[in-house]
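Going by this note's numbering, the sequence shown opens with residue 1469, and the numbers climb by one from there. Beta carbons: idealized from backbone N, C-alpha and C, even for Gly. These numbers come from a predicted model, not from an experiment.
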Amino acid sequence: MERNMKKKRIVGICLFVLLLAMTVVPVNAYNFFRDYSARPATPVTNHPRILMIGNSLTYTNNLPKMLARMCADSGISATVDSVTVGGHSLTQYVFPSNDAERAISQRLIDKLKKEKWDYVIVQGRREEPVSQEASMRSAVAKLYPLIRDSGAQMVLYMTWAADFRTAGYDMDRVQGKVADVYYSLAKQYSCALAPSGIAFARERNLYPEYDLYFSPSDRVHPNLSGSYLSACCIYGTLFGKSPVQLSYTAGIPDAQVKILRALAADVTTGGSGGSGQNEVMAKAAKSDYQLQPGTVKQLSYSATHTNVRIIRCSSSNPSVAEVDQNGRVLAKAAGMATVTMRLSNNQTLGWDIVVTKYGKLTLGAGDKQKLDFSPVGYTWKTSNKKVAVAKGGVITAKAKGRATVTGEGINGTEVTVQVTVKAAPKKVTVKNVPKALAVGQQYRLKLNVSKVRVAYKSSRPKIISVSEDGVLQAKKAGTAKITVTAYNGKSVSFKVTSRVMTKKLKVTNLESGDVLRVGQKKKIRLSFAPTNVTSRKVTYKSSNKKVLTVDKKGVIKAVGRGTARVTVTAADGSKKKVIVKLTVKK
1469 MERNMKKKRI
1479 VGICLFVLLL
1489 AMTVVPVNAY
1499 NFFRDYSARP
1509 ATPVTNHPRI
1519 LMIGNSLTYT
1529 NNLPKMLARM
1539 CADSGISATV
1549 DSVTVGGHSL
1559 TQYVFPSNDA
1569 ERAISQRLID
1579 KLKKEKWDYV
1589 IVQGRREEPV
1599 SQEASMRSAV
1609 AKLYPLIRDS
1619 GAQMVLYMTW
1629 AADFRTAGYD
1639 MDRVQGKVAD
1649 VYYSLAKQYS
1659 CALAPSGIAF
1669 ARERNLYPEY
1679 DLYFSPSDRV
1689 HPNLSGSYLS
1699 ACCIYGTLFG
1709 KSPVQLSYTA
1719 GIPDAQVKIL
1729 RALAADVTTG
1739 GSGGSGQNEV
1749 MAKAAKSDYQ
1759 LQPGTVKQLS
1769 YSATHTNVRI
1779 IRCSSSNPSV
1789 AEVDQNGRVL
1799 AKAAGMATVT
1809 MRLSNNQTLG
1819 WDIVVTKYGK
1829 LTLGAGDKQK
1839 LDFSPVGYTW
1849 KTSNKKVAVA
1859 KGGVITAKAK
1869 GRATVTGEGI
1879 NGTEVTVQVT
1889 VKAAPKKVTV
1899 KNVPKALAVG
1909 QQYRLKLNVS
1919 KVRVAYKSSR
1929 PKIISVSEDG
1939 VLQAKKAGTA
1949 KITVTAYNGK
1959 SVSFKVTSRV
1969 MTKKLKVTNL
1979 ESGDVLRVGQ
1989 KKKIRLSFAP
1999 TNVTSRKVTY
2009 KSSNKKVLTV
2019 DKKGVIKAVG
2029 RGTARVTVTA
2039 ADGSKKKVIV
2049 KLTVKK
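Spelled out as structure tokens, the structure:
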């Protein structure tokens, strides 16, 4: 019996420990993407007067002025005033404990009783709902009738958790408690709530690369972006207008400011707050895309609620497929990537992107082409086995004709290649062999075999290089042998000379207007730019041989009275020339 009692005690202890464990809230239990119902104010857009009660979390970066700028940006002429004392809690404003606090409290009461306000925005200390919940609730209970009796709407301004990275501090737990108290108070007094703390938490989870805190050493106060996010939350709460439409940026870079506006909109005027969107389902219009490098594709989806919006897009391989925060994909290089889109209903959509330049392919009979995106695990089929087949990502051309080759990945991603097969080339010729190239010049070769795979090679690539698609690049003076070889071994070779061409030609010992006497001779002297031109050969020509003659060596002879022009032209193909107009007298 004693042994049975011992077993029962052990079982009882185990059950107690299990029940205790079930009552403990795990660290990750706070889902800041759940349906925090939006609590908007009644919009007052005709010269609204706004009073902000708070502390350094409000006056840092001049949040009241920022809110006024947002109002002006949307055509609302607002007056924004504030009572803000650094470190002050709502408890200190309402239940002062010394003369200094009593003076501040009286100033606040006078503002409420003697001035007209449309909105009074109430913000407690950073973690007042955690450390002083009871006194904070009492303070709000006393403030509410003062605000109501003045004809204003009370708007609670939810704070955010500090980013303390110390042992025992649970940022999510603190933010969850802050949110619970603010929402509880908003519900109790049927008042509006600007949920800045929720927007902070979402930003921390979705965009960790953007910091909202003042500095590495100050993880309590907001930086400019943090204040801007809060101002957007207040603006959306007060006026029921999406902050996405604002143009005022406070000097924050466009890429980040768009994200901050979207986060604020999601918790105030749209997104997951206030519309039961956790039950909304979204579906991608298409799950995969095949793109060529350099092309752009707009991803699209349909949802059962119009307020669903994009929160964030990302690519598993940005070097292959880059995506912006509006879901526009830029195909950059051959390969595969998965693009994901996080929506405001906490749903994630995914697209498989294949980037390849081989959407259309022309081959010669007997040719083989390896695809450029490493299609591991793909199964292949063809519309015409007599024309083209594929295996392991290599397409083999069989005979003249057309075929569609299709590959399917293990996740259902499909790739299609339209293959045109031509007869195997019997010879390869170059239609436009260049006589010479100028250093720095590019020149594309044209072949008699169109689109059939060939290889290019230069004997001296430091002199003249050739790209895989047949573009010559003259790098410095010299001669190189270029060879073009088709996949079946047919080839052609030719030599190309690269020259430093004349860019400027000048006569150094004569100038227009000079006078010669009949019978006088003068040899033309020249300068070339650049000085290292490959050829200094030129041609000479007189416009009037009865006045002046000029020989092949550039010797001028004055033979009769009058004027004539002597033209000197570079013979290296640059067509650069210089003209000197001379007069001959007796």
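Note: Val-1922 is bridge-paired with Ala-1954 in the DSSP secondary-structure output. When the Cα atoms are used, Ala-1802 and Pro-1786 turn out to be separated by approximately 11 Å. Secondary structure of Lys-1930 (DSSP, three-state): coil. A distance below 6 Å between beta-carbons, with the five flanking residues on each side excluded, links Tyr-1703 to the following residues of its chain, in chain order: Met-1538, Pro-1711.
In the structure shown, Val-1735 adopts helical secondary structure according to DSSP, grouped into three states. Spanning the alpha carbons of Gly-1987 and Val-2018 requires a straight line of approximately 13 Å. Secondary structure remark: continuous beta strand (DSSP E) runs of at least 3 residues inside the segment 1503-1582, in chain order: 1517-1522, 1547-1552.
The C-beta of Asn-1529 has 16 or more other C-beta atoms within 10 Å across all chains shown, which makes the residue buried.
The count of Cβ pairs closer than 8 Å, one atom from the segment 1656-1667 and one from the segment 1724-1739, reaches three, so the stretches are in contact. For Thr-1824, the closest alpha carbon among the candidates Thr-1847, Thr-1808, Met-1809, Leu-1798 is that of Leu-1798. Shown here, Asp-1756 sits in a strand according to DSSP, grouped into three states. Between the alpha carbons of Lys-1859 and Val-1887 lies a distance of about 14 Å. When rounded, the separation of the alpha-carbon atoms in Ala-1607 and Asn-1514 is 30 Å. Exposed is the label assigned to Lys-1895, since fewer than 16 other Cβ atoms lie within 10 Å of its Cβ. Buried is the label assigned to Asp-1586, since at least 16 other Cβ atoms lie within 10 Å of its Cβ. Closest in C-alpha terms to Tyr-1651, from the list Ala-1506, Gly-1827, Phe-1668, comes Ala-1506. Our two residues, Asp-2040 and Asn-1794, have alpha carbons roughly 55 Å apart in a direct line.
Restricting attention to alpha helix (DSSP H) runs no shorter than 4 residues, the segment 1651-1707 encloses them at 1664-1674, 1692-1707, ordered along the chain.
Counting along the chain, Ile-1615 sits inside the alpha helix (DSSP H) bounded by residues 1601-1617.
Taking one beta carbon from each stretch, the segment 1845-1852 and the segment 1871-1879 have 3 or more pairs nearer than 8 Å; the two touch. Distance between Tyr-1924 and Ala-1945, taken at the CA atoms: about 20 Å.
DSSP lists Ile-2024 as the beta-bridge partner residues of Val-2018. Lys-2045 has Thr-2037 as its beta-bridge partners, per DSSP. The alpha-carbon of Ala-2026 is positioned some 30 Å away from that of Lys-1971.
The C-beta separation of Lys-1853 from Ala-1867 comes to about 10 Å, leaving the pair out of contact by the 8 Å criterion. Looking at the backbone, the Cα of Arg-2029 and that of Asp-1982 are separated by about 13 Å. The Cβ neighbour count for Lys-1943, taken over all protein chains shown within 10 Å, is at least 16; the residue is labelled buried. Excluding sequence positions up to five before and after Lys-1990, its CB lies within less than 6 Å of the CB of Ile-2024, all in the same chain and listed in chain order. Listed as beta-bridge partners of Trp-1848 by DSSP are Gly-1875. Its Cα nearest to that of Arg-1993, the residue Arg-2004 stands out among Pro-1511, Leu-1525, Thr-1526, Arg-2004. Closest in C-alpha terms to Phe-1996, from the list Pro-1902, Val-1968, Ala-1669, Val-1920, comes Val-1968.
Segment contact: the segment 1904-1914 against the segment 1927-1941, three or more CB-CB distances shorter than 8 Å; contact assigned. Remark: fewer than three beta-carbon pairs, one from each stretch, lie closer than 8 Å, so the segment 1804-1811 and the segment 1825-1832 are not flagged as touching.
Val-1598 sits in a helix when the DSSP states are folded into three classes. Assignment of Arg-1729 by DSSP, reduced to helix, strand and coil, places it in the helix class. A distance below 7 Å between beta-carbons, with the five flanking residues on each side excluded, links Val-1553 to the following residues of its chain, in chain order: Asn-1523, Ile-1572.
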